[in-house]
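Here the structure is laid out as structure tokens; the discussion comes afterwards.
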Amino acid sequence: MWEAPASGRIRHEESGLLTTLQAIVKETSRLYPAAPLSGPCMAVEDCTIAGFHIPTGISLIVNLWKLHCDPNTWVNPSEFIPERFIIDQPNLDVRGLHFECLPFGSGRRKCPRISLALQVLHFTLARLLHTFELGMVSETAVDMSEGPGLTVPKATPLEIVITPKAAFHVI
Numbered sequence: 001m002w003e004a005p006a007s008g009r010i011r012h013e014e015s016g017l018l019t020t021l022q023a024i025v026k027e028t029s030r031l032y033p034a035a036p037l038s039g040p041c042m043a044v045e046d047c048t049i050a051g052f053h054i055p056t057g058i059s060l061i062v063n064l065w066k067l068h069c070d071p072n073t074w075v076n077p078s079e080f081i082p083e084r085f086i087i088d089q090p091n092l093d094v095r096g097l098h099f100e101c102l103p104f105g106s107g108r109r110k111c112p113r114i115s116l117a118l119q120v121l122h123f124t125l126a127r128l129l130h131t132f133e134l135g136m137v138s139e140t141a142v143d144m145s146e147g148p149g150l151t152v153p154k155a156t157p158l159e160i161v162i163t164p165k166a167a168f169h170v171i
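Position 19 (the sequence shown) corresponds to 19 in UniProt numbering; numbering is contiguous.
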């Protein structure tokens with residue numbers, strides 16, 4: 001079990017020890033990818049995918065959302081279950097090495113700063129959760145339905161109350 005240092009500050013190198021936080025980030029990236037479709041890529045040679053002939057030079061776009069919600073890969077794929085990345089698939093990497101989950105893309109067209117993005121995300125989220133209490137504005141269930149758009153925005157904005165924890169100084 002990881003504990004915050006006596007100073008109450010989470011250092012960058014410690015954010016990597018937060019296994020549950022990392023699992024939550026992976027599950028959020030799987031279930032709610034920033035973009036539901038990959039950028040276009042081109043077949044460099046003839047191949048067959050799922051029984052379909054793909055000729056050389058054809059442009060392909062991968063449906064990442066469908067890939068991330070495939071019931072052949074994921075148990076209860078439409079449910080938010082971060083524990084799957086701790087218990088079932090603890091070594092699954094979201095950096096483009098495992099094709100079950102590609103929130104940052106894969107190959108030559110993947111996000112060039114995946115490692116930096118994940119480090120900043122883990123550290124910032126750890127500091128935020130460690131320093132503030134987050135609460136809902138109302139007791140109404142969160143509406144997770146999606147609105148129109150390329151980046152899959154939520155139909156209803158999430159409203160939260162952020163309160164500093166008394167024991168910590170906010171910097």
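Think of the CB as a built atom: it goes at the ideal place given N, C-alpha and C, for glycine as much as any other residue. Just so we're clear, the structure is a prediction, and the values are computed from it rather than from any experiment.
What residues are listed by DSSP as bridge partners for residue i?
| i | result |
| --- | --- |
| residue 53 | 48 |
| residue 136 | 160 |
| residue 59 | 42 |
| residue 178 | For the chain, the structure presents residues 1 to 171; residue 178 sits outside this window and is missing. |
| residue 37 | 63 |
Give me the residue from the options with the minimum Cα distance to residue i.
| i | options | result |
| --- | --- | --- |
| residue 40 | 58, 47, 32, 166 | 58 |
| residue 157 | 165, 164, 138 | 138 |
| residue 36 | 54, 65, 55, 56 | 65 |
| residue 62 | 107, 126, 147 | 107 |
| residue 109 | 75, 43, 38 | 38 |
| residue 98 | 78, 68, 116 | 68 |
| residue 23 | 116, 84, 50 | 84 |
| residue 259 | 148, 31, 143 | Because the chain in this structure spans residues 1 to 171, residue 259 falls outside the shown range and cannot be described. |
| residue 144 | 119, 51, 126, 78 | 78 |
| residue 45 | 52, 114, 56 | 56 |
| residue 96 | 88, 114, 90 | 114 |
Between which residues of its own chain and residue i is the CB-CB distance below 7 Å, once the five residues before and five after are set aside?
| i | result |
| --- | --- |
| residue 100 | 73, 92 |
| residue 111 | 104, 105, 117 |
Excluding the five sequence neighbours on either side, which residues of its own chain have a C-beta within less than 6 Å of the C-beta of residue i, listed in chain order?
| i | result |
| --- | --- |
| residue 103 | 29, 33, 94 |
| residue 60 | 41 |
Which whole-angstrom value is the C-beta distance of residue i and residue j, which I expect to be below 8 Å?
| i | j | result |
| --- | --- | --- |
| residue 133 | residue 165 | 6 Å |
| residue 27 | residue 80 | 6 Å |
| residue 161 | residue 135 | 5 Å |
| residue 25 | residue 121 | 6 Å |
Could you name the residues of the same chain whose beta carbon sits closer than 8 Å to that of residue i, not counting the 5 residues immediately before and after it, in chain order?
| i | result |
| --- | --- |
| residue 20 | 82, 86 |
| residue 48 | 54 |
| residue 1 | Confidence in residue 1 is poor, its pLDDT being 37 and thus under 50, which makes the residue's placement unreliable; the coordinate value appears in the next sentence. Hits under 8 Å: none found. |
| residue 146 | 152, 153, 154, 155 |
**Item:** Unbroken stretches of the alpha helix (DSSP H), 4 residues or longer, contained in the region 66 to 104
**Value:** none
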